[in-house]
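To convert a position in the sequence shown, counted from 1, into this note's numbering, add 2. The beta-carbon is built from N, C-alpha and C at its ideal position, and this holds for glycine as well. In this text, all values refer to a predicted model and were calculated from it rather than measured experimentally. Quick notes on the structure that follows.
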Amino acid sequence: MKNVAIFLGLLMLVSNLLGFCTIASWRSSDVPVPFWINIEGSEDIPDTEEFQVLRNSAYVWNLPSTFFSFVDSGFTDIDYVNVYDGINILSFDHDGSIIPSGQGILGVTFMWYSNHMGGWDIIFNDFEFSWSISDNPPNYAIDLMSVAAHELGHAAGLDHPGVSGCGFNCGAATMWWAYSPGDISGRTLELDDIAGISALHPMWLFKGYIKDCQGASIINGILRFIGTPLAYAPGSAGIISGDFPDSLPGDGNFCDTYQPGDFYLDGTYAFSLVALNPNFQVIAFRYGFRPETLNVNFSEYPETLQYTFTLDSLPIVQLSGLVRDSIDHSPISARILLYGSDSLLVDTSTDSNGNFSFPVYISSPPSVWYDSLLFLPEPPYARKCLKDVVVPESGLYLNVDLAKADLLLVDDDEADTLEEIYRISLDSLSVTYAYWDIEESGIPNLSLSEQLKHRVIIWFTGSSEENALTSDEIDFLEGFLDSGGRLLLSGENIAEKTQGNSFLSDYLHCGFKEGSISNHVLYGIEGDPIGNDVIIATVPSAQSQDVIHPLEGAMPIITYQFGDTAALRYASDQKGYRVVYFAFGFEFIKPDIPNLTSPRELMRRTLNWLDSTFMNVSEPGVSTLKGERFAVGLPNPFKESSKIDFVLNKRSSVSIGIYDGAGRLVRTLLEEVPLDKGRYSYLWDGRDGKGKLLPNGVYFIKIKINERSRVWKLLKVR
Numbered sequence: 003m004k005n006v007a008i009f010l011g012l013l014m015l016v017s018n019l020l021g022f023c024t025i026a027s028w029r030s031s032d033v034p035v036p037f038w039i040n041i042e043g044s045e046d047i048p049d050t051e052e053f054q055v056l057r058n059s060a061y062v063w064n065l066p067s068t069f070f071s072f073v074d075s076g077f078t079d080i081d082y083v084n085v086y087d088g089i090n091i092l093s094f095d096h097d098g099s100i101i102p103s104g105q106g107i108l109g110v111t112f113m114w115y116s117n118h119m120g121g122w123d124i125i126f127n128d129f130e131f132s133w134s135i136s137d138n139p140p141n142y143a144i145d146l147m148s149v150a151a152h153e154l155g156h157a158a159g160l161d162h163p164g165v166s167g168c169g170f171n172c173g174a175a176t177m178w179w180a181y182s183p184g185d186i187s188g189r190t191l192e193l194d195d196i197a198g199i200s201a202l203h204p205m206w207l208f209k210g211y212i213k214d215c216q217g218a219s220i221i222n223g224i225l226r227f228i229g230t231p232l233a234y235a236p237g238s239a240g241i242i243s244g245d246f247p248d249s250l251p252g253d254g255n256f257c258d259t260y261q262p263g264d265f266y267l268d269g270t271y272a273f274s275l276v277a278l279n280p281n282f283q284v285i286a287f288r289y290g291f292r293p294e295t296l297n298v299n300f301s302e303y304p305e306t307l308q309y310t311f312t313l314d315s316l317p318i319v320q321l322s323g324l325v326r327d328s329i330d331h332s333p334i335s336a337r338i339l340l341y342g343s344d345s346l347l348v349d350t351s352t353d354s355n356g357n358f359s360f361p362v363y364i365s366s367p368p369s370v371w372y373d374s375l376l377f378l379p380e381p382p383y384a385r386k387c388l389k390d391v392v393v394p395e396s397g398l399y400l401n402v403d404l405a406k407a408d409l410l411l412v413d414d415d416e417a418d419t420l421e422e423i424y425r426i427s428l429d430s431l432s433v434t435y436a437y438w439d440i441e442e443s444g445i446p447n448l449s450l451s452e453q454l455k456h457r458v459i460i461w462f463t464g465s466s467e468e469n470a471l472t473s474d475e476i477d478f479l480e481g482f483l484d485s486g487g488r489l490l491l492s493g494e495n496i497a498e499k500t501q502g503n504s505f506l507s508d509y510l511h512c513g514f515k516e517g518s519i520s521n522h523v524l525y526g527i528e529g530d531p532i533g534n535d536v537i538i539a540t541v542p543s544a545q546s547q548d549v550i551h552p553l554e555g556a557m558p559i560i561t562y563q564f565g566d567t568a569a570l571r572y573a574s575d576q577k578g579y580r581v582v583y584f585a586f587g588f589e590f591i592k593p594d595i596p597n598l599t600s601p602r603e604l605m606r607r608t609l610n611w612l613d614s615t616f617m618n619v620s621e622p623g624v625s626t627l628k629g630e631r632f633a634v635g636l637p638n639p640f641k642e643s644s645k646i647d648f649v650l651n652k653r654s655s656v657s658i659g660i661y662d663g664a665g666r667l668v669r670t671l672l673e674e675v676p677l678d679k680g681r682y683s684y685l686w687d688g689r690d691g692k693g694k695l696l697p698n699g700v701y702f703i704k705i706k707i708n709e710r711s712r713v714w715k716l717l718k719v720r
């Protein structure tokens, strides 16, 4: 049965989604596929140049990794659609008689196919759009080669990626289903374009099996390719895996979103894969077996290589040892977790005398490796992680020495998993901690804090509401502070739910103002030992942040955008305690945002203020522009608008410009405007200087302060 696809290959002036998807392949006997160019081209481009661009658009698909190719068959005066006449045309619709108007359609590929492709005609919209072949086209013009290469990809058998739910998010791909005026990126194929055409018409097919020494099939094995990407197309949806070297066959690029990886034979032992380079190495492995390595070399002609990998079983030995105190070597009981080969492999415990022993395979990467061996003792001891453990054929015995922790990390978030955020910051500062889960173990004994290296407790409640702090928990915290302890308390709803309690007023020296503030840009107090030059952003899900106000003796550290207090500190001269209270969740701070303060840096400052003996905690580099601080492009990516917040440390001349992905200025928000010292906030609504809504894609914000400038990248999405 024949299938006729009309408007299947339309390309539109919008953007979304991506991947590598296929329609049908051409028979090898029908390759090369001929095309004819209509002699009446676009009025926007000289014919000689235009015709060569159309030829080049076809030739980008003639790649070493595929037997498919296009061939130029000359000119034709045919300007109508007939996909069955054997004449595949490239033509322009000059009067709107073929392409429906008003729908933003740039080009259409008409085609017919059954089990294989049969014929096609491509029509370009010349009555509604201006075409260009310039390397720097104006932002209203349509790049002919990008659109033609896209439509010819349909003619070769490729579908729009992503629409069927396959492939990677890469807007630069030639077969991406949308286009922005002025964009020329479609001239060059991306990896998923190359993988798609190669999977349909493979030059180099590598197939075979994974078995053990007795000939039995090994299910769920893994193949690691070194030196080539590979494509696998089980149907209309394809996937890409393997290794991404410095170059691709032809003139291919790598999208930033591509991640090289192994190929998993889920539920099977057989494989049939298309290689995109002729010479590569492949390693077959599975947990519990020795890996096997094979060097593969294809010829320059279509070829299929078949190979059966035969894997030997690995021997099993004992991993054993003793967990003990680092000073007096007294035994310590601990839970033990062994991670490796991309999973948790062992979850066990020592006996009461600190001894442990359990069977493991010997180390044999990439089949079996042990990247971490984690010991989790009871407080006051700190957890310990041994990295990259190698187990030889003789087995392995370890003496594991544990030390008292620097501080106690108390998890009171009602079964959430927020502790990992604190662990990341503390680990990066080389601060050790004992972990205590209130839900599992109840309230700790006060004497526990006296066994720590520093009498410091970090207590977090997350988004807990009615039980943000129970009366028993408050009693413990009051007792801890009465004895001169140092406390970092963090969480939403704490002030709201404890207002009227003496703990809030007499210990935290804090008053409650309002709850559920959704302001997500916070600023530090200038000159404060913790808050100076701080700008942080919290995630949108942080919806129950409290607004507080300091009482006598307390000092504000951080404020919300319009000046309300978000965090404070208090030092008691009488009792000797110190407390820092974040009325928002520390765990909700966005990490690794350029020009904003990181959770790590905020933790470092807080610990150093709580206990000066923490001064060994190192200070990371803080990104500034000679004192100015920025929160630019929030949220990022954005749909409707993006905020630009900044703080000036003196009166300055400020310019703010928005540039598109090609570096063209599309909007000026400020141009050498003198601004006084202080905080400023501007909103970009995603429009150009004429108020026209700009297409989705990559943009850049450039801020110039006096003679200094800085650029931020942001992404506009649908």
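{"Query": "In whole angstroms, give me the CA-to-CA distance for Val33 and Pro66.", "Result": "14 Å"}
{"Query": "Leaving out five residues before and five after Ile101 in sequence, what residues of the same chain have Cβ atoms less than 7 Å from its Cβ?", "Result": "Asp95, Ile107, Val110, Ile125, Asn127"}
{"Query": "Going by Cα to Cα distance, which pick from Leu612, Asp613, Glu589 is closest to Arg602?", "Result": "Glu589"}
{"Query": "Can the beta-carbon of Glu192 be found closer than 8 Å to that of Ala175?", "Result": "yes"}
{"Query": "Locate the beta strand (DSSP E) running through Tyr61, then write down its first and last residues.", "Result": "Per DSSP, Tyr61 belongs to no beta strand (DSSP E); it is in the alpha helix (DSSP H), 49–61."}
{"Query": "Using the beta-carbon count (16 or more within 10 Å), is Phe584 buried or exposed?", "Result": "buried"}
{"Query": "Can you give, in chain order, each stretch of the alpha helix (DSSP H) that sits fully within the region 380–458 and has at least 4 residues?", "Result": "421–430, 440–443"}
{"Query": "Quick one: using the 10 Å Cβ neighbour count with 16 as the cut-off for buried, is Ile329 buried or exposed?", "Result": "exposed"}
{"Query": "Is it right to say His203 is buried, meaning 16 or more other beta carbons lie within 10 angstroms of its own, or is it exposed?", "Result": "buried"}
{"Query": "In this structure, does DSSP put His551 in helix, strand or coil?", "Result": "strand"}
{"Query": "What separation, rounded to the nearest whole angstrom, lies between the Cα atoms of Asn610 and Glu452?", "Result": "19 Å"}
{"Query": "Would you mind listing the beta strand (DSSP E) stretches within the region 256–319 that are 3+ residues and don't spill past its ends, in chain order?", "Result": "272–277, 281–287, 294–299, 305–313"}
{"Query": "Among Gly323, Gly487, Asp327, Asn90, which one has its Cα closest to the Cα of Asn357?", "Result": "Gly323"}
{"Query": "Do the region 499–514 and the region 549–557 touch if we need at least three Cβ pairs shorter than 8 Å?", "Result": "yes"}
{"Query": "Name the DSSP bridge partner or partners of Arg669?", "Result": "Ile660"}
{"Query": "Please report the Cβ distance between Tyr266 and Ile224, rounded to the nearest whole angstrom; I am assuming they are in contact, meaning their Cβ atoms lie under 8 Å.", "Result": "6 Å"}
{"Query": "Below 8 Å between beta carbons: does that hold for Val675 and Tyr525?", "Result": "no"}
{"Query": "If we call anything under 8 Å between Cβ atoms a contact, is Ile445 one with Phe478?", "Result": "yes"}
{"Query": "Of the choices Lys692, Lys718, Gly699, whose alpha-carbon is the least far from that of Ser644?", "Result": "Lys718"}
{"Query": "Quick one: residues in its chain with C-beta nearer than 6 Å to the C-beta of Leu10, no 5 flanking neighbours on either side, listed in chain order?", "Result": "Residue placement at Leu10 is poorly supported in this model, since its pLDDT is 38, which falls under 50; the coordinates still yield a value, given next. So the list is empty, once near-sequence residues are dropped."}
{"Query": "Span of the alpha helix (DSSP H) holding Ala157?", "Result": "146–158"}
{"Query": "Out of Val319, Leu316, Ser187, Ala277, which one is the CA nearest neighbour of Gln308?", "Result": "Ala277"}
{"Query": "With 16 other CB atoms within 10 Å as the buried threshold, where does Asp258 fall?", "Result": "Summary for Asp258: the model assigns pLDDT 46, below 50, so the residue's position carries little reliability; its value from the coordinates is reported in the next sentence. With fewer than 16 other Cβ atoms within 10 Å, it is exposed."}
{"Query": "What does a CB cutoff of less than 6 Å around Lys706 pick up in its chain, not counting 5 residues either side in sequence?", "Result": "Ser657"}
{"Query": "Taking contact to mean at least 3 C-beta pairs separated by less than 8 Å, is the region 367–378 in contact with the region 327–343?", "Result": "yes"}
{"Query": "Taking 7 Å as the limit between beta carbons, can you name the residues of its chain near Ile8, skipping five residues before and five after?", "Result": "Note that Ile8 scores 37 on pLDDT, short of 50, meaning its location in the model is unreliable; the coordinates nonetheless yield the value given after this. Contacts found: Phe112."}
{"Query": "Below 7 Å CB to CB, which residues in the same chain sit around Ser59 once its five sequence neighbours on both sides are set aside?", "Result": "Met147, Ala150, Ala151, Leu154"}
{"Query": "How about the region 453–460 and the region 493–502: do they share at least three Cβ pairs that are nearer than 8 Å?", "Result": "no"}
{"Query": "Here's the rule I'm using: 16 or more other beta-carbon atoms within 10 Å means buried, otherwise exposed. How should Thr670 be labelled?", "Result": "exposed"}
{"Query": "What's the gap between the Cα of Pro558 and the Cα of Ser507?", "Result": "15 Å"}
{"Query": "For the alpha helix (DSSP H) holding Pro558, just list the boundary residues, first then last.", "Result": "That residue, Pro558, is in no alpha helix (DSSP H); its beta strand (DSSP E) goes 557–562."}
{"Query": "Quick check on Ile135: buried or exposed, where buried means 16 or more other Cβ atoms within 10 Å of its Cβ?", "Result": "buried"}
{"Query": "From Lys515 to Pro531, what distance separates their C-alpha atoms?", "Result": "24 Å"}
{"Query": "How many Å lie between Leu489 and Val412 at the Cα?", "Result": "11 Å"}
{"Query": "On the DSSP bridge assignment, give the partners of Trp714 in chain order.", "Result": "Ile703"}
{"Query": "Buried or exposed: where does Glu709 fall if 16 or more other Cβ atoms within 10 Å of its Cβ makes it buried?", "Result": "exposed"}
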